[in-house]
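Participant:
Listed below in structure tokens is the structure:
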């Protein structure tokens with residue numbers, strides 16, 4: 093789940109680390125079902141990092157396994173992985189093959205991902221009209237699924253294709269080219285040049301090239317001024333929220349131990365329990381990818397109370413029924429940019445990283461969220477979080 097989240101947030105390096113660990117574990121316990129393999133997502137991450145030869149080898153092995161199984165879900169993912177790496181003369185046919193296989197599966201999310209990647213590739217070869225068709229379909233599906241990071245990516249690609257209906261600020265749209273606007277908005281979130289390049293399928297030099305033009309047109313000279321110019325102008329969509337990420341730990345072990353059918357039932361039960369807790373504490377579900385949720389709350393106290401309720405109910409289920417999955421939770425409070433389809437900002441990344449740093453059955457809460465909730469600040473210590481330069485002060489909240 094964390095690997096998929098990192099892909100959606102545009103962090104291919106961290107996504108690759110998480111996905112490779114999952115793949116290694118599956119190999120260690122001799123699970124070779126292509127439906128469970130993260131290989132297509134590893135291809136995605138490797139391609140974004142420019143490690144094309146490695147990506148081709150992973151795609152080749154996965155395609156062979158998918159062909160041997162012969163089921164549409166695996167075949168669709170295999171065709172998409174091949175399409176990501178295909179030359180200009182071949183990629184359209186590969187993506188169209190993937191979409192045909194998707195028609196025989198109920199997985200709307202994976203189909204939308206294929207449409208997003210197809211649209212991205214079409215835009216890069218200047219087939220903007222065809223690109224918008226795929227990107228609009230992807231955006232609609234991601235919006236309906238509540239997959240905010242993915243919807244945001246589709247919206248950014250639409251903006252870069254020249255689609256203007258959802259560009260945040262008309263003044264910047266008039267001054268900047270679609271590509272310059274996309275680069276500017278991405279860097280204004282606090283991403284590094286390398287992170288922005290990976291997210292946008294550009295080279296770092298190309299990002300810097302566009303950034304120089306943005307500086308000249310907006311008459312600014314630093315990243316801080318860029319962030320102030322773009323984000324302060326969008327202030328009507330800004331709000332301070334409490335942000336919660338949840339993740340099911342050791343899910344692959346569970347699948348191996350109880351089988352696919354039982355796992356499906358258990359996962360559905362857990363999702364239902366968590367959603368009841370979110371509703372009781374006035375949380376708004378932003379995204380649900382794999383085994384994890386992204387939920388926002390108006391108040392940090394509500395977010396922490398919700399997390400405590402989740403852990404207590406799971407613990408009670410263990411006492412009564414003998415078993416319940418382990419869930420880890422990270423909570424942070426900060427200012428974010430809120431739109432109809434997404435919640436964005438550095439605070440989102442910090443909350444996600446806190447969740448990744450937590451252990452099973454624990455709740456890790458940042459200093460900012462603790463202060464906002466009025467809870468005591470005892471037990472704080474510094475967490476070194478991936479992708480965040482400075483240590484983050486946080487504490488594990490007791491729920492027993």
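Numbering (this note's numbering), first residue to last: 93 to 492.
By construction, the Cβ of each residue, glycine as well, lies at the ideal position given by its N, Cα and C atoms.
Return the bridge partner residues of residue 381 from the DSSP annotation.
Facilitator: Its beta-bridge partners are 384.
Participant: Output the distance between the C-alpha atoms of residue 103 and residue 233, rounded to the nearest integer angstrom.
Facilitator: Cα to Cα, the separation comes out at about 22 Å.
Participant: Give me the Cα-Cα distance between residue 422 and residue 389, rounded to the nearest whole angstrom.
Facilitator: Those two C-alpha atoms are separated by around 13 Å.
Participant: Exposed or buried, what is residue 458 when buried is set at 16 or more other beta-carbons lying within 10 Å of its beta-carbon?
Facilitator: Buried, by the Cβ-count rule.
Participant: Rounding to the nearest angstrom, what Cα-Cα distance links residue 419 and residue 181 in this structure?
Facilitator: Rounded to whole angstroms, residue 419 to residue 181 spans 46 Å at the Cα level.
Participant: Between residue 467 and residue 396, which are expected to be in contact by the criterion C-beta below 8 Å, what is the C-beta distance as a whole number of angstroms?
Facilitator: Contact flag correct, Cβ pair sits at about 7 Å.
Participant: Answer with buried or exposed for residue 314, where buried requires no fewer than 16 other C-beta atoms within 10 angstroms of its C-beta.
Facilitator: Residue 314 is exposed by the Cβ-count criterion.
Participant: Within 10 angstroms of the Cβ of residue 302, are there 16 or more other Cβ atoms? Answer buried if so, exposed if not.
Facilitator: Classification for residue 302: buried.
Participant: Please state if the CB of residue 425 and the CB of residue 334 are separated by a distance shorter than 8 Å.
Facilitator: A contact, by the Cβ cut-off of 8 Å.
Participant: In the structure shown, what three-state DSSP assignment does residue 308 receive?
Facilitator: In the structure shown, residue 308 sits in a helix (DSSP, three-state: H, G or I).
Participant: Determine the burial state of residue 94: buried for a count of at least 16 other Cβ atoms within 10 Å of its Cβ, exposed for fewer.
Facilitator: Buried.
Participant: Please report the distance separating the alpha-carbon of residue 262 from that of residue 332.
Facilitator: With a pLDDT of 46 at residue 262, under the threshold of 50, the predicted position of this residue should be treated as unreliable, though the coordinate-derived value follows. Rounded to whole angstroms, residue 262 to residue 332 spans 24 Å at the Cα level.
Participant: Sorted by chain position, which residues of the same chain lie with C-beta nearer than 8 Å to residue 271's C-beta, five sequence neighbours on each side aside?
Facilitator: Answer for residue 271: 252, 302, listed in chain order.
Participant: Let me confirm a value: residue 325 is counted as buried when at least 16 other C-beta atoms fall within 10 Å, else exposed. Which label applies?
Facilitator: Here residue 325 scores only 46 on pLDDT, less than 50, and its place in the model should not be relied on; the value that follows carries that caveat. Exposed, because fewer than 16 other Cβ atoms sit within 10 Å of the Cβ of residue 325.
Participant: Assuming residue 132 contacts residue 161 under a Cβ cut-off of 8 Å, what Cβ separation, rounded to an integer in Å, is found between them?
Facilitator: That belief does not hold up - the Cβ atoms of residue 132 and residue 161 are roughly 13 Å apart, past 8 Å.
Participant: Can you tell me whether residue 441 is buried or exposed? The criterion is at least 16 other CB atoms within 10 Å of its CB, across all chains shown.
Facilitator: Buried, because 16 or more other Cβ atoms sit within 10 Å of the Cβ of residue 441.
Participant: What did DSSP end up calling residue 419 once you bin it into helix, strand or coil?
Facilitator: Looking at residue 419 - three-state DSSP - the assignment turns out to be strand.
Participant: Could you tell me whether the stretch 464 to 480 touches the stretch 367 to 382, using the rule of 3 or more Cβ pairs below 8 Å?
Facilitator: Judged by Cβ distances under 8 Å, the stretch 464 to 480 makes no contact with the stretch 367 to 382, as fewer than three pairs qualify.
Participant: Helix, strand or coil for residue 536 per DSSP?
Facilitator: It is not possible to answer for residue 536, since the shown part of the chain is limited to 93 through 492.
Participant: List the residues that DSSP assigns as beta-bridge partners of residue 485.
Facilitator: Note: residue 485 sits in a beta bridge opposite 474.
Participant: Quick one: measure Cβ to Cβ for residue 158 and residue 170, integer angstroms, because I've assumed they're closer than 8 Å.
Facilitator: That belief holds up - the Cβ atoms of residue 158 and residue 170 are roughly 4 Å apart, short of 8 Å.
Participant: For residue 163, name the three-state secondary structure that DSSP assigns.
Facilitator: Residue 163 falls in the coil class under three-state DSSP.
Participant: Quick check on residue 438: does DSSP put it in helix, strand or coil?
Facilitator: Three-state DSSP puts residue 438 in a helix.
Participant: I need the DSSP call for residue 339, collapsed to helix, strand or coil.
Facilitator: Correct three-state label for residue 339: strand.
Participant: Suppose you measure from the CA of residue 197 to the CA of residue 288; what does that come to, to the nearest Å?
Facilitator: Looking at the two C-alpha atoms, the distance is approximately 33 Å.
Participant: By alpha-carbon positions, which one of 235, 210, 236 ends up nearest to residue 224?
Facilitator: Per the Cα distances, 210.
Participant: Measure the Cβ-Cβ separation of residue 167 and residue 193 and say whether it is below 8 Å.
Facilitator: Against a cut-off of 8 Å, the Cβ pair of residue 193 and residue 167 comes out as a contact.
Participant: How is residue 326 classed by DSSP in three states: helix, strand or coil?
Facilitator: Confidence at residue 326 is low in this model, with a pLDDT of 45, below 50, so the placement of that residue should be treated as unreliable; the coordinate-derived value is given next. Coil, per DSSP.
Participant: Considering only residues of the same chain and omitting the five flanking positions on each side of residue 487, which have a CB-CB separation below 8 Å?
Facilitator: Correct list, in chain order: 456, 457, 459, 462, 469, 470, 471, 472, 473.
Participant: Exposed or buried, residue 155, counting other C-beta atoms within 10 Å across all chains shown (16 or more means buried)?
Facilitator: Flag for residue 155 reads buried.
Participant: Take residue 136 as the anchor and find which of 122, 107, 163, 115 has the nearest alpha-carbon.
Facilitator: Minimum Cα distance to residue 136 is reached at 107.
Participant: Excluding five sequence neighbours on each side, which residues of the same chain lie with their C-beta closer than 7 Å to the C-beta of residue 416?
Facilitator: Closer than 7 Å at the Cβ level, and outside the excluded window around residue 416, lie 406, 409, 410.
Participant: Of all the alpha helix (DSSP H) runs that stay within the bounds of the stretch 199 to 242, which reach a length of 4 or more residues?
Facilitator: Qualifying alpha helix (DSSP H) stretches, in chain order: 200 to 216, 220 to 237.
Participant: Per DSSP, what kind of secondary structure is residue 169 in: helix, strand or coil?
Facilitator: Correct three-state label for residue 169: helix.
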